[in-house]
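Using mature numbering (1 follows the signal peptide of the UniProt record, and there is no 0), the letters of the sequence shown correspond one by one to residues -18 to -1, 1 to 192.
Structure first, commentary second.
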Amino acid sequence: MGAILAALFFEPAAASSADEVTAGRRRNPLLEAAFPPFFRENVRYSNNGGNNMDALMVRGVEDPFSFTDAGAGRRDAFLRRDASWRRMLVQQPAARKIGCTEQRGQYEKMFYSATLSEPRGLRMATLYDIAYQFMDTPKALKSYDSFGVYWRVPEHDPKVGEWSWKVGSYEVAMEKFENDVAVVVLRNVAGNRPPDWCSKPGKASLSKKY
């Protein structure tokens, strides 16, 4: 039964090494189909082989929660607190740590980073709620706010260059993550208040009846 549940992304499969969690991962195909903006493909810079974080960002003109505009039946199925997608692992072998980076400020930019532990494996509920909490509501996106999900391969992290420590951005924040951090949430917001990463209330429900 355990092997079947692991194949269905409900029970975590153990990784034999940190490399298997990143380079050897298999992303959940059902979640990829339901939440495309959370599963964008990495795009590398041709000059240094580092991944381009800006290419992963979902900006204010886009709607990562487009299913909320679907018919009532489909919308209700998604927004139930006990919806099965919330319990599904985002990948196998299971990711046990998720990284978070946040850029704040439109001009004098500050970068914050943190690592959150997910001992039972990273579930879509956590990934979704972190993004939903940040956006506050899918109908209130600002043009200057954005988020993205980086499916990390450490050897292709953004490269730290000569000037990075003075004018750097994601590459500096990414330097702090250990190799077993498999998934990184990227957030970009104009405000200057430091983020509260640990505040992850279950906000998947937009309807009071749930």
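Cβ coordinates follow ideal geometry from the N, Cα and C atoms, glycine included.
Keep in mind it's a predicted model, so treat the numbers as computed, not measured.
{"Query": "Own chain residues within Cβ distance below 8 Å of R105, not counting five before or after", "Result": "R68, R69, M70, L71, V72"}
{"Query": "Stretch-stretch touch, CB-based, cutoff 8 Å, three pairs: the stretch 92 to 102 with the stretch 13 to 20", "Result": "no"}
{"Query": "Residue(s) in a DSSP beta bridge with V171", "Result": "R86"}
{"Query": "Through-space distance from K79 to G(-17), alpha-carbon basis", "Result": "22 Å"}
{"Query": "Range of the contiguous alpha helix (DSSP H) that encloses residue 251", "Result": "Outside the modelled stretch of the chain, which goes from -18 to 192, sits residue 251, for which no answer is possible."}
{"Query": "9 Å Cβ cutoff met for G103 and P(-7)", "Result": "yes"}
{"Query": "Bridge partner(s) assigned by DSSP for G81", "Result": "T97, V166"}
{"Query": "Paired residues, beta bridge with Y132 - DSSP", "Result": "V166"}
{"Query": "Pairwise C-alpha distance: V166 and F129", "Result": "11 Å"}
{"Query": "Expected contact under 8 Å - CB spacing of Q74 and A(-13) to nearest Å", "Result": "7 Å"}
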